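What follows is a single structure, written as structure tokens, with notes after it.
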Amino acid sequence: MKDCIFCKIVSGSAPAQVLFRDAQVTAFRDIHPVAPTHVLIVPNQHISSVNEVTPSDEPLLGHLFTVARQVAEQENLTAEGYRLIVNTGRNAGQVVFHLHLHLIGGQRMRHSMG
Ligand code: 5GP
Ligand code: ZN
Numbered sequence: 083m084k085d086c087i088f089c090k091i092v093s094g095s096a097p098a099q100v101l102f103r104d105a106q107v108t109a110f111r112d113i114h115p116v117a118p119t120h121v122l123i124v125p126n127q128h129i130s131s132v133n134e135v136t137p138s139d140e141p142l143l144g145h146l147f148t149v150a151r152q153v154a155e156q157e158n159l160t161a162e163g164y165r166l167i168v169n170t171g172r173n174a175g176q177v178v179f180h181l182h183l184h185l186i187g188g189q190r191m192r193h194s195m196g
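Here the sequence shown is numbered in our numbering, starting from 83 and rising by one per residue.
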């Protein structure tokens, strides 16, 4: 998708600290981390948000979580725990409209939810 920063990171035409890449999913460090570990895990194909998800995306979205688990292990977060967040739309504060999982850890979270 032209002009989508995460599509550019997936294709390698924009720089990022990529931790994992395969045919379906790319994981890279957030440019403005909110915790010691803050990784974004994205489908390589452009899906704008959860609002655009369809049943045919289910294997891909399942794989997104498997990669999240692998990255959490690599970052030594498994024992202490971590948070996975998907912002959808304006009220959630979504700013990049390419579906992504935030993997956040390395500290005790200050907020519960909301
Ligand atoms: P959202 O609010 O859409 O869920 O979060 C988007 C996230 O993408 C933010 O945490 C922001 O810091 C991150 N981000 C925005 N632009 C870039 C970029 O060019 N590179 C990287 N690595 N992260 C970005
Ligand atoms: Zn995109």
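We put the CB at the ideal spot given by N, CA and C, even for glycine.
Small disclaimer: the values here were computed from a predicted structure and weren't measured.
| Query | Result |
| --- | --- |
| Going along the chain, which residues of its own chain have a beta-carbon closer than 8 Å to the beta-carbon of N133, five neighbours each way excluded? | T170 and G171 |
| Taking 7 Å as the cut-off, decide whether the C-beta atoms of L122 and D112 are in contact. | yes |
| Just to be sure I understand the criterion: a residue counts if its Cβ is closer than 6 Å to at least one heavy atom of the ligand ZN. Which residues meet that? | M83, C86, F88, C89, H128 and H180 |
| Take every Cβ of the region 134-153, pair it with every Cβ of the region 87-107, and state whether three or more of those distances are shorter than 8 Å. | yes |
| With DSSP as the reference, identify every bridge partner of F110, one or two as the case may be. | V100 and L122 |
| What are the uninterrupted segments assigned as alpha helix (DSSP H) that are 4 or more residues long and contained completely in the region 141-182, given in chain order? | none |
| Which residue from P115, S93 and S138 puts its Cα closest to that of V124? | S93 |
| Using the Cβ count rule (16 or more neighbours within 10 Å means buried), how would you classify T160? | exposed |
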